[in-house]
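**Student:**
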Amino acid sequence: MTETNVRVLFVKRPVGWVDETSFAVVHEPLRPPGPADVVVRNVYLSVDPYLRGRMAGAFREGEVMVSRGVGEVVASGHERWKPGDLVWGFLGWEQYSVVARGEGLYRVDPSLGVPISYYLDVLGMPGLTAWVGINVIGRPEPAETVFVSSAAGAVGSIAGQLARLAGARAVGSAGSAEKVRHVLDVLGFDDCFDYKASASLPESVMGACPNGIDVYFENVGGPILEAVLGHMNPLGRIAVCGMISGYNTTQDPGVKGFAHILGKRLTVSGFSIYDHMWRFDAWQPKMAELLTSGRIVYHEEIWEGVERAPEAFIGMLRGDSLGKRVLRVGADPTA
Ligand SMILES: NC(=O)c1ccc[n+]([C@@H]2O[C@H](COP(=O)([O-])OP(=O)(O)OC[C@H]3O[C@@H](n4cnc5c(N)ncnc54)[C@H](OP(=O)(O)O)[C@@H]3O)[C@@H](O)[C@H]2O)c1
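Counting from 1 along the sequence shown, just add 11 to a position and that's the residue number in my numbering.
(1) Who are Met243's beta bridge partners in DSSP?
(2) Between which two residues does the alpha helix (DSSP H) harbouring Tyr107 extend?
(3) When every heavy atom of ligand 1 is checked, does at least one fall within less than 7 Å of the C-beta of Met136?
(4) Any heavy atom of ligand 1 within a distance shorter than 7 Å of the CB on Phe291?
(5) Closest to Asn259 by C-alpha separation, out of Asn16, Asp30, Lys23, would be which residue?
(6) Quick one: what does DSSP say Lys93 is sitting in, helix, strand or coil?
(7) Hey, is Thr260 close to ligand 1, as in C-beta under 7 Å from one of its heavy atoms?
(8) Compare the beta carbon distance of Ser128 and Val81 with 8 Å and say whether it is the shorter of the two.
(9) Beta carbon of Met217: closer than 7 Å to some heavy atom of ligand 1?
(10) For the beta strand (DSSP E) holding Thr32, just list the boundary residues, first then last.
(11) In three-state DSSP terms, what is Gly178?
(12) Which whole runs of the beta strand (DSSP E) in the region 245 to 312 are 3 residues long or more, in chain order?
(13) Across the region 214 to 223 and the region 235 to 244, are there enough close Cβ pairs to call them in contact, namely three or more that are closer than 8 Å?
(14) If I measure Cβ to Cβ from Tyr130 and keep anything under 6 Å in the same chain, skipping five residues before and after, which residues do I get?
(15) So, under 8 Å CB-CB, Val182 and Cys203 are touching, yes? Tell me the CB distance rounded to an integer number of Å.
(16) Note down the Cα distance separating Leu41 from Glu318, rounded to an integer number of angstroms.
(17) Leaving aside the five residues before and after Val279 along the sequence, list all residues of the same chain whose C-beta is less than 7 Å from its C-beta, in chain order.
(18) For Ala86 versus Pro44, is the C-beta distance shorter than 8 Å?
(19) Does the region 16 to 32 come within contact of the region 294 to 314, defined as at least 3 CB pairs closer than 8 Å?
(20) Please state if the CB of Glu105 and the CB of Arg192 are separated by a distance shorter than 8 Å.
(21) Just list the residues that DSSP pairs Lys335 with in beta bridges.
(22) Which residue wins for smallest C-alpha separation from Gly274, given the options His242, Asp132, Leu176, Ser332?
If you want it as structure tokens, here you go:
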């Protein structure tokens, strides 16, 4: 264990686009743990869009940034955990986290045959989010069309593959030619277009979905949502997972085409993964099996060093990540 802990603090609430002035990298002594506390050496940390929302409210200035992480227990005063145990949970953007009484830590099982970083994405909350949006809310029938925005992203890349496993036609939008190639050639979607290069989003959506859209897995909001609304089939379902296009804006742009919800008798369901955590234990082995059998493929971008967390996070929000961006902040004991 080290005496000094490199940490990334949240120091300024952003207005509009978040930049590096919202963060400070500090070197501080490790806080001495209490008698029942657990000290975790962080190995992987996640950067996710929802953190931008927490920077607008829940996070307090001067405190360490917190996201989901995977780490190794190095000291424990709690009977449930012992040194060497691998855990995941909400951990600080820091090399070591002192977790009060080990609360909110869950076991990582390295015998599942997938990288332990997957607990932050395809085998963790983003994976379960995609599962709920497709298999609980969208429920595509064989031969129906499922449209997924941010199709090359952490959640979208899984959602489209789950739609295909259900027998549906999976179509996506993504923000570069490279991402479109990835969605088609690696993830196996049936079609995908580059929304940034599109001269007309309604025409791009129509071209990629000639039979209309039965299920929309919504990750972005804004003009893509408006184009999709106009092309939904009657009795279609929209799983509203996220609206990243608005996370760094100060004004709600509104939604044009809301009347399609009435005219086409659409079902629009917003959902939060925190309402579905009870599914986790039954779902995780199923997803692990899909991964080890090669029926779901997953792409991670691994960045090195906790001090790069702000740059990795801001870049992800701007669209420069492919798949899931994860930080390696310490040696992986399973590698
Ligand atoms: N409901 C829940 O419980 C839940 C849980 C997890 C995630 N979410 C939400 O699900 C969505 C996807 O999350 P994720 O973790 O998989 O992130 P992600 O899709 O990997 O997010 C980053 C991507 O968003 C895209 N993006 C950024 N600005 C955009 C814009 N203005 N228009 C269109 N696309 C834009 C960029 O891709 P391009 O290059 O394609 O633009 C970027 O690479 C987010 O909205 C997130 O908040 C919700």
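C-beta: ideal position from N, C-alpha, C; glycine also.
Bear in mind that the values here come from a model prediction, so they are computed numbers and not experimental data.
**Tutor:** In short, the structure shows the following:
(1) Counting from 1 along the sequence shown, the entry for residue 243 is found at position 232. Paired residue(s): Ile224.
(2) What you label residue 107 is simply residue 96 of the sequence shown in a count that begins at 1. Going by DSSP, Tyr107 is part of no alpha helix (DSSP H) but of the beta strand (DSSP E) stretching over 107 to 110.
(3) Here the question's residue 136 lines up with position 125 in the sequence shown. Yes, since a heavy atom of ligand 1 falls inside the 7 Å radius drawn around the Cβ of Met136.
(4) Position 280 of the sequence shown, counted from the first residue, corresponds to residue 291. Residue side-chain check: Phe291 keeps its Cβ at 7 Å or more from all non-hydrogen atoms of ligand 1.
(5) In the sequence shown, residue 259 corresponds to position 248, counting from 1. The shortest C-alpha separation from Asn259 is found at Asp30.
(6) On the sequence shown, residue 93 is found 82 positions in, with the first residue counted as 1. Coil, per DSSP.
(7) Within the sequence shown, numbered from 1, the residue matching residue 260 stands at position 249. False, no ligand heavy atom lies under 7 Å from that Cβ.
(8) In the sequence shown, counting from the first residue as 1, residue 128 sits at position 117. In the sequence shown, counting from the first residue as 1, residue 81 sits at position 70. The answer is yes: Cβ separation under 8 Å.
(9) Position 206 of the sequence shown, counting from 1, holds the residue named residue 217. Met217 Cβ: outside cutoff for every heavy atom of ligand 1.
(10) Along the sequence shown, read from residue 1 onward, the residue named residue 32 stands at position 21. If you look at Thr32, you'll find it isn't in any beta strand (DSSP E); DSSP assigns it neither H nor E.
(11) In the sequence shown, residue 178 corresponds to position 167, counting from 1. Per DSSP, reduced to three states, the secondary structure at Gly178 is coil, with no helix or strand assignment.
(12) Counting only runs of 3 or more, we get 278 to 281.
(13) Judged by Cβ distances under 8 Å, the region 214 to 223 makes contact with the region 235 to 244, as three or more pairs qualify.
(14) Walking along the sequence shown from the start, residue 130 turns up at place 119. Here Tyr130 has Val81, Trp99, Val119 as same chain residues with Cβ atoms under 6 Å from its own Cβ, once five neighbours each way along the sequence are excluded.
(15) Taking the first residue of the sequence shown as 1, we reach residue 182 at position 171. Taking the first residue of the sequence shown as 1, we reach residue 203 at position 192. Contact between Val182 and Cys203 holds: their C-beta atoms lie close to 7 Å from each other, under 8 Å.
(16) The count along the sequence shown starts at 1 and reaches residue 41 at position 30. The count along the sequence shown starts at 1 and reaches residue 318 at position 307. Near 16 Å, if we compare the C-alpha coordinates of Glu318 and Leu41.
(17) As a first step, residue 279 must be located in the sequence shown, where it is residue number 268. Once the five neighbours on either side are set aside, the close Cβ partners of Val279 are Ile249, Val251, Ile272.
(18) By 1-based counting over the sequence shown, the position of residue 86 is 75. By 1-based counting over the sequence shown, the position of residue 44 is 33. Yes.
(19) Contact fails: fewer than three Cβ-Cβ distances are below 8 Å.
(20) Walking along the sequence shown from the start, residue 192 turns up at place 181. Walking along the sequence shown from the start, residue 105 turns up at place 94. The answer is no: Cβ separation not under 8 Å.
(21) Position 324 of the sequence shown, counting from 1, holds the residue named residue 335. Answer is Glu311.
(22) Your numbering for residue 274 matches position 263 in the sequence shown. Shortest Cα-Cα distance from Gly274 to any of His242, Asp132, Leu176, Ser332 involves His242.
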